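Have a look at the structure below before the remarks.
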Amino acid sequence: MLLASCLRGRLRLHRRPRPLIMPSPLFLSRNPNPSPPRSATATGTTILSPPSTSASASMSTSGVYVPPMRRLRSVIASTNGSLAPPPSAAAQAQPVRAPEWRADGRSLSPPPSPPRPPRRATPPPPRQPPPQPEPFRQRSAGYARYAYDDFSEDDSDREMDRTSVSSRGGSTLDNIDEWKWKLHMLLRNEDEQEVISRERKDRRDFEQLSQLAERMGLYSRQYSRIVVFSKVPLPNYRSDLDDKRPQREVSIPSGLQREVDALLSDYLARKRTSSGSFPNAAFSRSSSTDSFATDESFLEQQDNQTSTSAVIERIQRRKSLQLRNQQESWQESHDGQSMMEFRRSLPAYKERQTLLEAIAQNQVVVVSGETGCGKTTQLPQYILESEIDAARGATCSIICTQPRRISAIAVSERVAAERGEKIGESVGYKVRLEGMKGRDTRLLFCTTGVLLRRLLVDRNLKGVTHVIVDEIHERGMNEDFLLIVLKDLLPRRPELRLVLMSATLNAELFSSYFGGAPMIHIPGFTYPVRSRFLEDILEITGHRLTPYNQIDDYGQEKSWKMQKQALRKRKSQIASVVEDTVQAADLRDYSARTRDSLSCWNPDSIGFNLIENVLCHICQKERAGAVLVFMTGWDDINALKEQLQANPLLGDPSKVLLLACHGSMASSEQKLIFDRPEPGVRKIVLATNLAETSITINDVVFVVDCGKAKETSYDALNNTPCLLPTWISKASARQRRGRAGRVQPGECYHLYPQCVYEAFADYQLPELLRTPLQSLCLQIKSLRLGSISEFLSRALQSPESLSVENAIEYLKVIGAFDRNEELTILGKHLSMLPVEPKLGKMLIFGAIFNCLDPILTIVSGLSVRDPFLTPFDKKDLAESAKLQFSCRDYSDHLALVRAYEGWREAERDRNGYDYCWKNFLSVQTLKAIDSLRRQFLFLLRDTGLVDENMTACNKWSRDENLVRAVICAGLYPGVSSVVNKEKSISLKTMEDGQVMLYSSSVNGKETKIPFPWLVFNEKVKVNSVFLRDSTAISDSILLLFGGNIKQGGLDGHLKMLGGYLEFFMSRDLASTYLSLKSELDNLIHCKLQNPRMDIQTSEELLSAIRLLVTEDPCNGRFVYGRQEQRSKKAKTMFSAAPMSHGGGGNGGDNAKNQLQTLLTRAGHDNPSYKTKQIKNSLFRSTVEFNGMQFVGQPCANKKLAEKDAAGEALNWLTGGAPSDSRDPQDMDHMSMLQKPPRRKRHHHRRG
């Protein structure tokens, strides 16, 4: 009996190692670039081959962590917590030397390490320990595997015997000493990148350990129950260390699957038999590249013909003389002479001749001019007038770029007026939504993006004689990009002249970039402006600051903002930057009241109450003149405007005219700020930093500067944009102050102390260094400018490499780039559309799948401001109006479509304004959406994807689920999992972990969303990461219209996003999804190559896809902790996991999940576990399913006991018992799952 029991595995001769003396669950992760394979020496020592990157690169602390999970290889820690790779088969066969431990638990000797790199300062080598008995060596290896595989459950460390915690390194001091050695080994081993520990004591001592790591030049972070020490910076979230990352079991009704399979089979059969009628993948001449990228040789041929044509020369000569006569007539007229007299009074006129000579003699000239010198309006005119005077007016073509729409329009109108013309004659403008340009336009003001679009079709800017780039000091991304392109263009166009204009004295930077280009400075003509800083303001006004009167009131809707100001636990970045500066300030010349106020000053608040007090002071005690108040954003402007309107003085329209200026406002509304008010009325303009340089309000006498601007920054490490208020630069502060001295001496009220101003940076960080680069990378490839990284390395200041890598990886994920970073056919189409790549992809898919109308609305809406308004006093009514458009379909985008369609119907009945008033919608935003729709439709027609038959293009526009699918195609990989809890929902993304929804979203207040996924337009980190504009989607939509799908190691296992998203389903269903996805991708590819192709020839395929995305009931569920099968020799539907010493039973590291999957596939309910505590603080568990019970061996805690029982069940089901010990009833154990239970079968192991 004893022998039989041993053979059956029911009784073990040796006591199995208990996990109570478990070592540190610690392992190392390799560098993202793996080294060549290891080689084993004759003695079994593992040799680490040198990594592919240089040692210095791998050791550099300026490197960054690249998130994808599979790039990191792991090695397991041995019993003493040392860093050793998992033993190979050859190494396991060799004797293993175990370390000796002192009484205090610290090792006397490190384990054998790879060949050492060049010698560095390390602790002295300890003496060699005596050899250990063989059983101990075996247990050591077994524990190491167990620590990695099993010791990661949520509650396992909580339930362990306390004696295990107090084993080796139980005290903090001992643990830190142990980690000193571990981190030294990490630094010495150049092939390793990080150390990961799941040990409880390491979490306990993390603060001290992180300080130790920082002193050693390492980075550290704690992720829930895992501690990481790394040579490179660590992101806020690591999906590869998240045991709760999304794993989805997918199921659909069997009838639906049969119907889809039948349609797919019909399609494939017809495709095989009638291949001639199916689309050819050959490139069509109507494709995007032909219709968009104009052939340069053709242009040159036309140019040559034009230049040699005597007729054309005579016409141009006649036109040039006509332009000169018109100019002379205007200058000699009475109005013209008055205008010329005004223009001569500007400082720029004194430098007119110097400027023209410099431009004539140099290809590049850098001009800096202070505020009010007239450089923006006068310099382009000087060039135009000199060309017309020289009878070259007909051949002259000047392009002047402006960073913003409002400045391009306002400046062009002013220049046209100074020339006595209407806009659109010799002077015009062009911005994205509108333009005024005639056949005779010689001076065109445009946004920088418009010039970049022209470069796509005309890389040499043929016919353009002068390019003027204004406001380059702002360092916008388009401006920096344009400078690189123009620098490459100048050698090919020696006759082209480039003028760079800056409002600040940083001309040396741009001059050196263009090889020492000459610099000309124009002094400003402004009246003196007196600066008053916060300490002066408090002295003059008598206002007193307290901790309670500095909380800005954003209304009930934004109450969280006020709570954040009042209950801030940690200092924000805004406050921490200036804290030391304020404490060190010398304020002895100010009153005690002022000093007390400054000690209470809150740098995080804008200071609504202080601004109100300052404005009352100006209105009551200062001379007449307009007031310009600089705020950080639209929310601040609206909230402050509401507060000021409630003030008896400032809210009186007979005394004060309150206006707002923001970049998203319509042009007609923005123009109101230039108008002078009626006599006796003081104009107060609330503006963002838009009013710093781009526009000039001539009657401003007083400026109130909050000292902050809301600036978009980009966290490349976490791949997350951040929109946070930051301190402005000294250059911006000077620009704001200069706005007050245009017509008379002015005053500037800075709402921050002078010592804080002195701590400001000199200039703002360039936009190229603080924004995502996807659109820029797409432009670089569409302009055929070569390698993206090499091109951007030639910028004034190059972006960090990780930002570029993130952008390239994104464009690969959406299908715009191939593996070699070259444009795909989709990428070529995307480059034609002046929108973000994700929105362009949505437009293209809307055209392909004949649901264009709603997609045009969605893309246009996402390109402008949200049309839904939320007044502070009518928040509930506004929210109910928005929910009415939502119809509980869990989509912000579909709510937008319904709102727009309702407005369009109301407009037909001439009822549009009433409709917007009742439904809290912005008329101007809806008009902007309508204008953008027409423009996008025109561009799509250029590509050939849309023809004149709009009925065919909108055949499926009413198919809501297909519209969801197209939204998913555009917004992927912006996807979040949705887990419904009892009273709330939990959202998680790949790069951020837990995220939240904006309260303005229709999904923001939902307690349950009956879809497993959300796709979102953008995420912004304020304090937490918030998702904006989301739509719920099903499993089928994500699998078919998301990105690439890869098969996992199990049958029915599919992966997306590099393995972050995992799907488990039946083998047949997985095969259906893979086939549909492959055929759908091929159809889209053929359509893009040949836009005239009719996709209705693939009717069965389209029907199958529409049926699946429409009828998917989202019956699946989220599971966690499921891992790929490790054994490759599975003979049954699910093979047993490999056994290991101390591995928690025969189920290996994942026995419970494997058993659950096995039962689910067989159609059974989940197994149930009953665990009891037995003697010696051990636990034994029984698992029951299908009328059968399996009892495991005693274990240290409940989790391990349940795993052991599940492992025993798996071992029996998958044929783990020896074949000669089976009785006839047990010959086919797996078939037991297919039969109804007859009686309880009890399998018990005696422990």
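By full-length UniProt numbering, the letter at position 604 of the sequence shown is numbered 604, and the numbering carries on one by one without gaps. The beta carbon of each residue, even a glycine, is placed where N, CA and C say it ideally should be. Quick caveat, the model's predicted, so the values are computed rather than measured.
On a CA-only basis, which of N478, G827, E508, M1188 is nearest R770? Give me that one, please. N478
If you follow the alpha helix (DSSP H) that L339 is part of, which residue opens it and which one closes it? The residue asked about is misnamed: residue 339 is Met in this sequence, not Leu. M339 -> alpha helix (DSSP H) spans 334-344.
Whose C-beta lies closer than 7 Å to the C-beta of S412 among residues of the same chain, with five residues either side of it excluded? I423, V427, G428, Y429, F445
So, at 6 Å on beta carbons, what are the nonlocal neighbours of F1026 in its own chain, with the 5 sequence-adjacent residues on each side left out? M996, Y998, V1020
Can you give me the Cβ contacts of S320 inside the same chain, cut-off strictly under 8 Å, excluding the 5 residues immediately before and after it? I388, A391, R392, G393, A394, T395
Within a Cβ cutoff of 7 Å, which residues of the same chain sit near S1103, ignoring the five residues on either side of it in sequence? L263
Residues bridged to R501 (per DSSP): Reading off the sequence shown, one finds Met at residue 501, where the question assumed Arg. Bridge partners of M501: V367.
Where C600 sits in the DSSP three-state scheme: coil
Can you say whether E678 is buried or exposed, counting buried as having 16 or more other CB atoms within 10 angstroms of its CB? exposed
Sufficient close CB pairs (3 or more, under 8 Å) joining the region 816-829 to the region 774-792: yes
Over the uninterrupted alpha helix (DSSP H) stretch that includes P837, give me the two end residues. 837-848
In this structure, does DSSP put E1018 in helix, strand or coil? strand
Can you give me the start and stop residues for the alpha helix (DSSP H) that H184 sits inside? 172-188
Please work out which residues of its chain come closer than 8 Å, Cβ to Cβ, to K1077, disregarding the five sequence neighbours upstream and downstream, and give them in chain order. L1039, L1040, I1045
Out of S732, L451, R888, state which residue places its alpha-carbon closest to the alpha-carbon of V467. L451
Residues near R595 in its chain [Cβ-Cβ closer than 8 Å; skip 5 each side]: L587
Distance between A358 and N511 (C-alpha atoms, nearest Å): The amino acid occupying residue 511 in the given sequence is Ser; Asn does not appear at that position. Distance between the alpha carbons of S511 and A358 is about 14 Å.
Hey, out of L894, Q1154, V499, whose CA is closest to A517's CA? V499
Measure the C-alpha to C-alpha separation of D1165 and F1185 and round it to an integer number of angstroms. 8 Å
Do you know how far the Cα of N647 is from the Cα of A639? 13 Å
Please determine, among N1017, Y527, Q754, the residue with the shortest C-alpha to C-alpha distance to L538. Q754
Take F1179 and list the residues in its own chain whose beta-carbon comes closer than 8 Å to its own, dropping the five residues that flank it on each side. T1171, K1172, Q1173, P1194, C1195, A1196, N1197, K1198, L1200, A1201
For the pair the region 838-847 and the region 945-965, tell me if three or more CB-CB distances fall below 8 Å. yes
Assigned secondary structure, F868 (DSSP; H/G/I helix, E/B strand, else coil): strand
Taking the straight line between their C-alpha atoms, what separation do you get for D1204 and Y1169? 11 Å
Taking N980 as part of the alpha helix (DSSP H), name the residues at either end of that continuous run. N980 -> not in any alpha helix (DSSP H); beta strand (DSSP E) instead, spanning 975-980.
Measure the CB-CB distance between K841 and L852 and report whether it falls below 8 Å. no
Compute the distance between the beta-carbons of I929 and T857, then report whether it is under 8 Å. yes
Extent of the continuous alpha helix (DSSP H) to which D266 belongs: 254-273
Considering only C-alpha positions, which residue in the set Q353, E767, F817 is nearest to E800? E767
Is H334 buried or exposed, if buried means 16 or more other CB atoms sit within 10 Å of its CB? exposed
Starting from the C-beta of A626, find all residues in its chain whose C-beta is less than 6 Å away, skip the five residues before and the five after it, and write them out in chain order. K683, D699, V700
Cα-Cα, which of N1150, A507, K1152, Q1096 is closest to I520? A507
Tell me whether C600 is buried or exposed, calling it buried when 16 or more other Cβ atoms sit within 10 Å of its Cβ. exposed
Jot down the residue ranges of each uninterrupted beta strand (DSSP E) in the region 735-814, minimum 3 residues, whole runs only, in chain order. 746-750
Can you grab the Cα-Cα spacing for the pair R248 / D266, in whole Å? 30 Å
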